[in-house]
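K.L.:
In terms of mature numbering (1 follows the signal peptide of the UniProt record, and there is no 0), the sequence shown is residues -23 to -1, 1 to 355. Ideal placement from N, C-alpha and C gives every residue a C-beta, glycine not left out. Fair warning: this is a prediction, and the values are worked out from it, not measured in the lab.
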Amino acid sequence: MTTRLPLLLAAAVAAAPALPAQDADDGTGAGRIFHSMVWTGKEAIVWGGGSEGKFFDHGFRLDPTAKTRRALTTDGAPSARWAHAAVWTGTEMLVWGGRSEFASNSHRDDGGRYDPATDRWRGVSAVNAPTARSQMARVWTGDEMIVWGGFGDGATAWDTGGRYDPKADRWRMLPLRGAPEARVEPLHVWTGTELLVWGGITPDLKQTFRTGGRYNPKTDRWAAIRPDDAAPSVWGAAAVWTGTEMLVWGGALQNGDENVNQVTNRGWAYNPATDRWRALSTTGAPSARFFPTGVWTGSRFVVWGGGDQGGEGNPAQHFADGGVYDPVTDRWTPLPRVGELAGRGLHTAVWTGRGMMVYGGSTGGFSAFADAALWVPR
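1. Distance check for D136 and G155, CA to CA, integer angstroms please.
2. How big is the Cα-Cα spacing for A297 and G282?
3. Using three-state DSSP, classify F11 as helix, strand or coil.
4. So, for T17: in the same chain, excluding its five sequence neighbours on each side, which residues have a beta-carbon less than 7 Å away from its beta-carbon?
5. Grouping DSSP H, G and I as helix and E and B as strand, with all else coil, what is D92?
6. With H, G and I counted as helix, E and B as strand and the rest as coil, what does DSSP make of L312?
7. If Y141 and V101 are in contact, beta carbons under 8 Å, what's the gap, nearest whole angstrom?
8. Which residue's Cα is closest to the Cα of L182: V161, R149, P311?
9. Given that a residue counts as buried once 16 or more other Cβ atoms are within 10 Å of its Cβ, and exposed if not, what is R9?
10. Classify T179 as helix, strand or coil using the three-state DSSP reduction.
11. Name the two residues that bound the continuous beta strand (DSSP E) containing G271.
12. Would R187 and A208 qualify as a contact pair, given that the criterion is a beta-carbon distance under 8 Å?
13. Give me, in chain order, the residues of the same chain whose beta-carbon lies closer than 7 Å to that of S276; leave out the 5 immediate sequence neighbours on both sides.
14. Any idea what DSSP makes of A200, helix, strand or coil?
15. Specify whether the stretch 338 to 351 and the stretch 301 to 310 touch according to this definition: at least 3 beta carbon pairs, one from each stretch, less than 8 Å apart.
16. Measure the C-alpha to C-alpha separation of I178 and G67 and round it to an integer number of angstroms.
17. Smallest Cα separation from D252: which of H295, D206, A215, A262?
18. Quick one: give me the first and last residue of the beta strand (DSSP E) that G100 is part of.
19. Entirely within the stretch 298 to 347 and at least 3 residues each: give me those beta strand (DSSP E) ranges in chain order.
20. Touch check for the stretch 43 to 53 and the stretch 105 to 115: three-plus C-beta pairs under 8 Å?
21. With distances taken between CB atoms, is the gap from G299 to A216 smaller than 8 Å?
22. Given this structure, state the Cα-to-Cα distance separating A(-9) from D285, to the nearest angstrom.
Structure, rendered in structure tokens:
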């Protein structure tokens, strides 16, 4: 089934009128949080997640040119889940792990492969798969999907991971020697040769990490990332790879023994060639927040949305603005709006090659937005 897409087109800060959201039984009109979104080169594939206390086993293909949503088949799809791993291989979307219920023992160690050319799902081998988990690091290397860390049954965190080869339909475990300490929601990027992981938080949400590691799949070895004076102890930040540095912005910092919700508008850059960190300018940066999204345009770091924790009788705020950071000049440019989207967190964003597409999210609780927007820079 194909439905019209509630898509907004924005050039710089200008917005086109919103198209109405669609209510469809096939999930194309469902709002979502903790879902996944990957970019195929011509459309985004959205899958899983949930809203209103429900977990979803459905998804759709979002075409920004035609402004349509087309439902994915559910035949052979993985079971309903959220906070899973998803990557695009160039021909398929790989889905693995996640959480299928609110119960603490409901994590998944299975997944699926979706081919948009045939609209078909097939399974992922469970042999030697990592232990069931959600909220993990996940990257596509060009040959394999790597997953590491995350949240497991019994409110545990993992320091383990695995490599999945879709051609062979085979898992290999990552080495434990030299791996970073177990954590949930680690920041992560793929450099072209290494998986970088940094920060994250303990399962009880009481301590962030100021440590990380570099995993090289060719040597099958971990190396530590040096926590120099500029390195942050952070989680819930946006992170991207520029080609030479990992840029990190926003999130929540450790503040005292058990308060990790001190949201920030600071940013940092890590250069693996020198194993050093540097601070980003905060002049003109967006206001402090955690769980913004971040995309890399090829020359700029674009962050949008996110929220703060409120406090002192004030409700939490969710932001409908963002910023564009130029690492060459170390300068921020404001991004006041993306179309007509309301402020939100737990949304997803991808770079299409032309613009930043944003979808889903919420303002707290489990009710989610179903709208989307495409911001196109001038």
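P.N.:
In this structure, then:
1. Along the sequence shown, read from residue 1 onward, the residue named residue 155 stands at position 178. Along the sequence shown, read from residue 1 onward, the residue named residue 136 stands at position 159. C-alpha separation (whole angstroms): 10 Å.
2. By one-based count along the sequence shown, residue 297 stands at place 320. By one-based count along the sequence shown, residue 282 stands at place 305. Distance between the alpha carbons of A297 and G282 is about 5 Å.
3. Here residue 11 refers to the residue found at position 34 when the sequence shown is read from its first residue. F11 falls in the coil class under three-state DSSP.
4. As a working note, residue 17 is residue 40 in the sequence shown. These residues qualify, in order along the chain: W65, P93.
5. Here residue 92 refers to the residue found at position 115 of the sequence shown. If DSSP states are grouped into helix, strand and coil, D92 belongs with the strands.
6. Along the sequence shown, one-based indexing puts residue 312 at 335. If DSSP states are grouped into helix, strand and coil, L312 belongs with the strands.
7. Your numbering for residue 141 matches position 164 in the sequence shown. Your numbering for residue 101 matches position 124 in the sequence shown. Contact flag correct, Cβ pair sits at about 7 Å.
8. As a working mapping, residue 182 is identified with position 205 in the sequence shown. Ranking V161, R149, P311 by Cα distance to L182 puts V161 first.
9. The residue given as residue 9 occupies position 32 in the sequence shown. Buried: at least 16 other Cβ atoms inside 10 Å.
10. To locate residue 179, count along the sequence shown from 1; it is residue 202. If DSSP states are grouped into helix, strand and coil, T179 belongs with coil.
11. The residue given as residue 271 occupies position 294 in the sequence shown. Run containing G271: 270 to 273, per the beta strand (DSSP E) assignment.
12. Indexing the sequence shown from 1 puts residue 187 at position 210. Indexing the sequence shown from 1 puts residue 208 at position 231. Contact: yes.
13. Here residue 276 is taken as the residue at index 299 of the sequence shown, counted from 1. Cβ within range, chain order: n/a, list empty.
14. For the purposes of this step, residue 200 is taken as residue 223 along the sequence shown, with counting starting at 1. Of the three classes helix, strand and coil, the one that applies to A200 here is strand, per DSSP.
15. no
16. Locating residue 178 in the sequence shown gives position 201, where the first residue counts as 1. Locating residue 67 in the sequence shown gives position 90, where the first residue counts as 1. Going by the C-alpha atoms only, they are around 32 Å apart.
17. What you label residue 252 is simply residue 275 of the sequence shown in a count that begins at 1. Checked all of H295, D206, A215, A262; the closest Cα to D252 is D206.
18. Mapped onto the sequence shown, residue 100 falls at position 123. 97 to 100 is the extent of the beta strand (DSSP E) around G100.
19. 299 to 303, 308 to 312, 325 to 328, 333 to 336
20. no
21. In the sequence shown, residue 299 corresponds to position 322, counting from 1. In the sequence shown, residue 216 corresponds to position 239, counting from 1. It is not a contact, given that the beta carbons lie outside the stated cut-off.
22. Within the sequence shown, the letter at position 15 stands for residue -9. Within the sequence shown, the letter at position 308 stands for residue 285. Only weak support exists for where A(-9) lies, its pLDDT of 35 falling under 50; the value from the coordinates is given anyway. Cα to Cα, A(-9) sits roughly 25 Å from D285.
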